[in-house]
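Visitor: Supplied in structure tokens, the structure appears directly below.
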Amino acid sequence: MFEARLVNSSTFRKVLDAIKDLLNEASFDCSENGIQLQAMDSSHVSLVSLNLKSDGFDKFRCDRNLTMGMNLTSLGKVFKCSGADDTVTMKAQDYADTVTFMFESKKQDKISDYEMKLMNLDQEHLGIPDTEFSCIIKMPSIEFARIIRDLSQFGESIVISCTKEGVKFSAQGDIGTGNVKLAQTHNFDKEEESVTIDLQEPVALTFACQYLNSFTKATPLSNQVKLSMCENVPLVVEYQIPELGHLRFYLAPKIEE
Amino acid sequence: MAQPSIARYFNNR
């Protein structure tokens, strides 16, 4: 028996909105530790890694490890039926081929449930090695989304370069070039507005705008985003989900042909 | 520039 209850169903909806650009379907691995998902996008350029801890749920029970393959378009349809303030309870029997989502309104005056068919997905789990990153940048997630959106107008790629002076985002294309530089700004009163850089050595890497833009769909999940970079290693874009876990995106840097 | 696959960096488990 698997049962997970989340008072803020909107958090799960935001997670779904953040990954549905990249993934058509995905397997949710449920264990007593929580719910994990790892999947590459269809082009195998980026990897999505979601971790929702069991103790972040309002109720969590998982008697037997369970992998639930879901079509994310269908899951999106189910969550479209939920109200913004609804509580969601997910339930599945052991070895079940369906999962049930029950939505309850705040006042408990409306209860709806939707049963969705599960899929058997051929999933490939990748082992992600521990990396000592050359630089770790933390910045407001809205600012990151804005910069990526702005610079995407200029070219297909964005160079992210980080030095002790700050972080620079650059793009170039037919119409010209664009550069955005951010200096470290520590705001002790408003931690979420700070830009902080933990630098071991300067690094500059090139990434495809299309994927960076998809990652920023996770902006509503978190005030801050963490970018971890190292030469010849995928970029990690991490959004913390308050009290529940995190959503990470990995993107292979572009390389000289 | 070329776009490599993410699988190039991570091991199959």
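Heads up: the sequence lines are chains B and W, in that order. Take 1000 as the starting number for the first sequence in the working numbering and just add one per residue. Take 943 as the starting number for the second sequence in the working numbering and just add one per residue. Just so it is clear, CB atoms sit at the ideal spot from N, CA and C, and this is done for glycine as well. From a predicted model like this one, the values you see are computed outputs, not experimental measurements.
Compute the beta-carbon to beta-carbon distance between Lys1137(B) and Thr1195(B), rounded to the nearest angstrom, for a pair I have assumed lies under 8 Å.
Guide: Taking the first residue of the first sequence as 1, we reach residue 1137(B) at position 138. Taking the first residue of the first sequence as 1, we reach residue 1195(B) at position 196. Rounded, the Cβ-Cβ distance is 5 Å, consistent with contact.
Visitor: At a CB-CB cut-off below 7 Å, which residues of chain W make contact with Val1235(B)?
Guide: Translated into positions along the first sequence, residue 1235(B) becomes position 236. Those do not exist, as Val1235(B) stays about 11 Å from chain W at its closest Cβ, beyond 7 Å.
Visitor: For Leu1120(B), which residues of its own chain have a beta-carbon under 7 Å away from its beta-carbon, when the five flanking residues on both sides are left out?
Guide: Locating residue 1120(B) in the first sequence gives position 121, counting from the first residue. Same-chain partners within the cutoff: Glu1024, Ser1026 and Gly1068.
Visitor: What residues in the stretch 1033-1065 of chain B have a beta carbon less than 9 Å from any beta carbon of chain W?
Guide: From the stretch 1033-1065 of chain B, only Met1039, Asp1040, Ser1042, His1043, Val1044, Ser1045 and Leu1046 have a Cβ closer than 9 Å to chain W.
Visitor: Is there a Cβ from chain W that is less than 7 Å from the Cβ of Tyr1249(B)?
Guide: For the purposes of this step, residue 1249(B) is taken as the residue at position 250 of the first sequence. Yes, Tyr1249(B) counts as interfacial toward chain W.
Visitor: Per DSSP, what are the beta-bridge partners of Glu1114(B) in this structure?
Guide: One-based indexing of the first sequence puts residue 1114(B) at position 115. Glu1114(B) pairs with Thr1099(B).
Visitor: Which residues does DSSP pair with Lys1079(B) in a beta bridge?
Guide: Locating residue 1079(B) in the first sequence gives position 80, counting from the first residue. Answer is none; Lys1079(B) lacks a bridge partner.
Visitor: By how many angstroms is the C-alpha of Leu1065(B) removed from the C-alpha of Lys1180(B)?
Guide: Locating residue 1180(B) in the first sequence gives position 181, where the first residue counts as 1. Locating residue 1065(B) in the first sequence gives position 66, where the first residue counts as 1. Looking at the two C-alpha atoms, the distance is approximately 46 Å.
Visitor: Decide if Ile1240(B) is buried, meaning its Cβ has at least 16 other Cβ atoms within 10 Å, or exposed.
Guide: For this step, residue 1240(B) is matched to residue 241 along the first sequence. Buried, because 16 or more other Cβ atoms sit within 10 Å of the Cβ of Ile1240(B).
Visitor: Check the Cβ of Ser1156(B) against every Cβ in chain W and list those closer than 8 Å, keeping chain order.
Guide: In the first sequence, residue 1156(B) corresponds to position 157, counting from 1. What Ser1156(B) touches in chain W: Met943.
Visitor: Closer than 9 Å between beta carbons: that is the criterion. Which residues of the stretch 1212-1243 of chain B meet it against chain W?
Guide: Flagged, chain order: Asn1231, Val1232 and Pro1233.
Visitor: Could you tell me which chain W residues have their CB closer than 7 Å to the CB of Ala1207(B), listed as they occur along the chain?
Guide: Numbered from 1 along the first sequence, position 208 holds the residue referred to as residue 1207(B). Within 7 Å Cβ-Cβ: Gln945.
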